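Chain order of the listed sequences is X and E. Converting from the first sequence to the working numbering requires adding 77 to each position, the first position being numbered 1. Converting from the second sequence to the working numbering requires adding 285 to each position, the first position being numbered 1. Structure first, then comments.
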Amino acid sequence: MRPAARLLAFLAVAALAASARTAAAEPVKLVKPEQYKARIVAPKKGRVLLVNFWATWCDPCREEMPALVAAAKKFPAKDVAVVLVSVDSLKATPAVEKYLAKEKVPFVCWQAKSHDPQNFVDAVDKEGWSGAVPYTLVYSRAGALVAKLAGPQSEQAFGDAVKKALAGGT
Amino acid sequence: MKKLLVVSSVLLLAAAAAPAADLKIGAAAPDFTLPSASDGRMVALKDLLAKNRAVAVIFVATKCPVSNAYNGRMAALGKEYAAKGIAVVGINSNKAELAPEVAAHAKEHGFTFPVVKDEGNKVADAYGAQKTPEVFVISPKGDLLYHGRIDESQDDPKGVKSPDLRNALEAILAGKPVPAAETKAFGCTIKRV
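Next up, the structure:
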């Protein structure tokens, strides 16, 4: 193998390894209600963003996760980002990380940190969210909230929401 | 302070079959008569209302970690307010949690109030209950006085800052309006048929 080919092969393997690390080994980070927009939404401006709220003890959330993973794979990362926010108890952080690793969920996951869960719900979507999970919010490239998906969604529903957000410009 | 930092939020759930009912504060609470999970004795809301200054209906579960985090608080509330003339009744509407399991769970956690089994989740549907735990407090006239959570602190019973259910019950006993009559319940989805 020529040096250039070896370099390319090495870079490809390194890229795959980096992706895998992102998927399974990244620790869950905590987010307070007042930090939600600045830490989760704002950094993804320029891409359509799906924020999926879930919990390890929520059966519909776990059942929905493969659809979210499959839907995300159909869009280039430069256009679409997916972020998880766990509403599990902070005591359950190890269980959250264990689940994500076991299921090879390739998304960054935050965990809500709020003594009063109502504060977090209200900071995210006071009018539209009862606190029930799963719940998914779709933001435009400009960071505007453009869709609310309550309850478990199919791969097609996630895909359609992303396409609509991408088509919406801004 | 440290405890505060350790405590997190847990919301939750409900997704699938969203109940049609949307019971508003002041609306008439649906009557029900359901069998006690422990002994099959029928428990009628109207009977409880006739003998008490209010009734706190709490939708509960045996396997939900959020509901289970409140077991001790529910047991304590049941004992304390029974003596003050407010009855507590637990309703288990989860299809997979059968009466013997519900009865054993209630006994294990010292529930002195009845826990009834809502087969077919008809009462949960009538109330629009989605989560466990989720509380509905009803006046002797049958009107809804409070709907929502027990308090805001799932993980730390000693760190409660907003004892919403207790505040509601104390207001009712004092003959005053409930200060926060509607809060957002958080917990596990009621598993319906």
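We treat Cβ as the ideally placed atom computed from N, Cα and C, and that holds for glycine. In this text, all values refer to a predicted model and were calculated from it rather than measured experimentally.
Contact annotation for residue 447(E) against chain X: 193 [CB-CB distance below 8 Å, chain order].
Among the CB atoms of chain E, one or more fall inside 7 Å of the CB of residue 134(X). In this model, residue 227(X) and residue 214(X) are separated by some 9 Å (Cα to Cα). Listed along chain X, no residue sits closer than 7 Å to residue 336(E) by beta-carbon distance, the nearest being about 33 Å off.
In this structure, DSSP gives residue 375(E) an extended state, which the three-state scheme calls strand. Close CB contacts of residue 380(E) within its chain, under the 6 Å cut and outside five residues either way in sequence, are with 476, 478 (chain order). The residue among 211(X), 179(X), 155(X), 146(X) with its C-alpha nearest the C-alpha of residue 163(X) is 211(X). Here residue 193(X) carries a coil assignment [DSSP, helix/strand/coil]. Contact between residue 109(X) and residue 191(X) is confirmed by a C-beta separation of about 6 Å, below the 8 Å threshold. For chain X, none of the residues of the region 379-406 of chain E brings a beta carbon within less than 8 Å of one of its beta carbons. In this structure, DSSP gives residue 394(E) a state outside helix and strand, which the three-state scheme calls coil.
Taking C-alpha positions only, residue 123(X) is separated from residue 154(X) by approximately 11 Å.
Of all alpha-carbon atoms in 320(E), 464(E), 334(E), the one lying nearest the alpha-carbon of residue 384(E) is that of 320(E). Here residue 188(X) is bridged, per DSSP, to 107(X), 163(X). Contact of residue 471(E) with chain X is assigned, a C-beta pair being separated by under 7 Å. With respect to the 7 Å criterion, residue 377(E) and residue 402(E) are classified as neighbours on the basis of their beta carbons. DSSP places residue 419(E) inside the beta strand (DSSP E), whose first and last residues are 419-423. Listed in chain order, the non-local C-beta contacts of residue 169(X) below 7 Å within the same chain comprise 133, local neighbours out to five positions each way being set aside. For the region 179-204 of chain X, the set of residues with a beta-carbon nearer than 9 Å to any beta-carbon of chain E comprises 188, 189, 190, 191, 192, 193, 194, 195, 196, 197, 198, 199, in chain order. Between the region 350-361 of chain E and the region 391-402 of chain E there are three or more inter-stretch CB-CB distances shorter than 8 Å, so the stretches are counted as touching. A check of alpha carbon separations from residue 474(E) across 387(E), 310(E), 313(E), 410(E) identifies 410(E) as the nearest.
Non-local beta-carbon contacts of residue 222(X) in its own chain, meaning distances under 7 Å to residues more than five positions away in sequence, involve 214, 216 in chain order. Close to residue 207(X), with beta-carbon spacing below 7 Å, are these residues of chain E in chain order: 469. The beta carbon of residue 320(E) sits no closer than 7 Å to any beta carbon of chain X. In the three-state reduction of the DSSP assignment, residue 473(E) falls in the strand class.
A contact between stretches requires three or more CB pairs, one per stretch, nearer than 8 Å, and the region 426-435 of chain E meets this requirement with the region 310-325 of chain E.
Across the set 370(E), 446(E), 423(E), the C-alpha of 370(E) shows the shortest separation from the C-alpha of residue 458(E).
When rounded, the separation of the alpha-carbon atoms in residue 234(X) and residue 342(E) is 37 Å.
About 4 Å separates the CB atoms of residue 419(E) and residue 470(E); that is less than 8 Å, so the two are in contact. The Cβ atoms of residue 121(X) and residue 187(X) lie no closer than 7 Å to each other.
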